[in-house]
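Structure record follows, encoded as structure tokens.
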Amino acid sequence: MSPTNRVPSMRMNPSGARDIPTFIDELAKDEAKNQPRGDSESTFSGASTLQGNEQSSKLKRGLFSILNSSKSLNSGTMPSLADKVQTAQVTLGYTFDNPNIGMGALVTPGVALPGLPTRMDGHKELAHVGDAVLKLALTLDGYEAKRSREFTSKILQTKASNVNLALVGRRMGLDKLVIVNPSQAGIVSDKVMANTVEALIGAVYMDSNSIDAVRPVLAAMGLDGPA
Numbered sequence: 001m002s003p004t005n006r007v008p009s010m011r012m013n014p015s016g017a018r019d020i021p022t023f024i025d026e027l028a029k030d031e032a033k034n035q036p037r038g039d040s041e042s043t044f045s046g047a048s049t050l051q052g053n054e055q056s057s058k059l060k061r062g063l064f065s066i067l068n069s070s071k072s073l074n075s076g077t078m079p080s081l082a083d084k085v086q087t088a089q090v091t092l093g094y095t096f097d098n099p100n101i102g103m104g105a106l107v108t109p110g111v112a113l114p115g116l117p118t119r120m121d122g123h124k125e126l127a128h129v130g131d132a133v134l135k136l137a138l139t140l141d142g143y144e145a146k147r148s149r150e151f152t153s154k155i156l157q158t159k160a161s162n163v164n165l166a167l168v169g170r171r172m173g174l175d176k177l178v179i180v181n182p183s184q185a186g187i188v189s190d191k192v193m194a195n196t197v198e199a200l201i202g203a204v205y206m207d208s209n210s211i212d213a214v215r216p217v218l219a220a221m222g223l224d225g226p227a
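Here it is, written out as structure tokens:
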């Protein structure tokens, strides 16, 4: 591989940590060297004119996209996670005693944020809790309303389905609050959206340790059972 085609090595800062912003800047400068003069249509158009550079250029583009997502997340160019939790609280009508639990509900697997203790599976464990809490609440609602088991089962199949949960999340604008893995390019799939709704329900329960605190949130989401 020639010097102009190599991927820059990531520098280490004095603390021994990888200097991501510097690495990103080096990638950008390296791409600029390969770009033909007068071409303003594409940042990486220079790579397409050099067949021998195609594989190297693809690698650089992938690294640049992923690392630039991390840079944007930490540089204040997008709403902070604390701001997202604040928006979620207003939307749900619930204020977390421990905001970190609310933050954990918005972080998907594969995302690591400095200073935030997250689990390896992101919000999946909270979503598992939320799924159980939602089904329990709907079952209790059916029991208290003296509905038949068949009727309650149908309510569970519709309201607790991933399809419905994804619709609920997007209708409430919760998709704009999710921190997705950089490899997803900012796209919130229906599955991730449904998991996020469940995770928020689970977060409210874990924060309050009370299903009674969850019920108003379910009502705000339109996920409460029949009266």
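Residues 1 to 227, numbered by the UniProt record's numbering, are exactly what the sequence shown covers, in order. Backbone N, C-alpha and C fix where the C-beta goes; we use that ideal spot for every residue, glycine too.
Beta-carbon separation of residue i and residue j under 8 Å?
i	j	result
Val-178	Thr-108	yes
Val-163	Ile-211	no
Val-111	Gly-122	yes
Gly-225	Gly-130	no
Ala-88	Leu-174	yes
Leu-106	Lys-84	yes
On the criterion of 16 or more Cβ atoms from any shown chain inside 10 Å, does residue i qualify as buried, or is it exposed?
i	result
Glu-198	buried
Ala-185	exposed
Val-214	buried
Ile-187	exposed
residue 228	With the chain running from 1 to 227 in the structure shown, residue 228 is simply not present.
Lys-176	exposed
Asn-209	exposed
Ser-183	exposed
Ser-48	Low per-residue confidence applies at Ser-48: pLDDT is 44, beneath 50, and the placement is therefore not dependable enough to give any value.
Thr-158	exposed
Asp-207	buried
Thr-152	buried
Asp-95	Note that residue 95 is Thr in the sequence shown here, rather than Asp. With fewer than 16 other Cβ atoms within 10 Å, it is exposed.
Asp-97	exposed
Quick test of your reading: residue i and residue j, contact by CB under 8 Å. State the CB separation rounded to the nearest angstrom.
i	j	result
Ile-166	Ala-194	Here residue 166 turns out to be Ala, not Ile, going by the sequence shown. The pair is a contact, with the Cβ atoms about 5 Å apart (cut-off 8 Å).
Val-192	Val-180	7 Å
Val-168	Gly-222	6 Å
Leu-126	Gly-104	6 Å
Between which two residues does the alpha helix (DSSP H) holding residue i run?
i	result
Tyr-94	Note, Tyr-94: premise wrong, no alpha helix (DSSP H); not H, not E.
Ser-153	149–159
His-128	124–144
Thr-196	190–208
Ala-219	211–221
Val-168	162–171
Does the beta-carbon of residue i, which I'm using as the reference point, lie nearer than 7 Å to any heavy atom of the ligand MN?
i	result
Asn-164	What this structure holds is no ligand at all, so the ligand MN is not there to describe.
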